[in-house]
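Start counting the sequence shown at 285; every next residue gets the next number (my numbering).
Even glycine gets a Cβ: it sits at the ideal position worked out from N, Cα and C.
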Amino acid sequence: MLIQVFDPALCCSTGVCGTEVDEALVTFAADADWLRAQGVTLERYNLAQQPLVFAETPAVSAFLSLSGEEGLPLVLVDGQVALTGRYPSRSELARFAGLSAAASIKKVSKAGCCPGSGCC
Numbered sequence: 285m286l287i288q289v290f291d292p293a294l295c296c297s298t299g300v301c302g303t304e305v306d307e308a309l310v311t312f313a314a315d316a317d318w319l320r321a322q323g324v325t326l327e328r329y330n331l332a333q334q335p336l337v338f339a340e341t342p343a344v345s346a347f348l349s350l351s352g353e354e355g356l357p358l359v360l361v362d363g364q365v366a367l368t369g370r371y372p373s374r375s376e377l378a379r380f381a382g383l384s385a386a387a388s389i390k391k392v393s394k395a396g397c398c399p400g401s402g403c404c
């Protein structure tokens, strides 16, 4: 099982960039860390930092040709488009990964950003 998230051009993946905090990115970063802790492989790619991956991934390249960067984020599950235009919730990530719904119900701390990420 491989989940890939193709982000729009961002300064960092946590959403703690500049003076405005994007809560959706903060929540998703925590949910992605949770999913990885469950043993699931989740990869993230940032259009500003890894444009070649976008161009070399057929599903992503085709998506961008039709929708443009405005359609991002794009989530692929084993190479298939699973979600576009927003970040998945923790329960959606659990479903994509084949985890039980009960595993995804855990309170997410929004007290700070990702420790050690260098973004905060």
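According to the Cβ coordinates, are residue i and residue j closer than 8 Å?
i	j	result
aspartate 291	tyrosine 329	yes
alanine 381	valine 324	yes
glutamine 322	leucine 383	yes
leucine 331	isoleucine 287	no
leucine 348	phenylalanine 338	yes
leucine 410	leucine 377	Any property of residue 410 remains undetermined from this structure, which presents the chain solely from 285 to 404.
Identify whether residue i lies in helix, strand or coil by the three-state DSSP scheme.
i	result
aspartate 362	coil
threonine 303	coil
valine 289	strand
arginine 379	helix
leucine 336	helix
leucine 356	coil
leucine 367	strand
leucine 294	coil
First and last residue of the alpha helix (DSSP H) that includes residue i?
i	result
leucine 350	342-351
Would you kindly report the start and end of the unbroken beta strand (DSSP E) that includes residue i?
i	result
tyrosine 329	325-330
Please return the same chain residues whose Cβ sits closer than 6 Å to the Cβ of residue i, not counting the five positions on each side in sequence.
i	result
threonine 368	Gly355, Leu358
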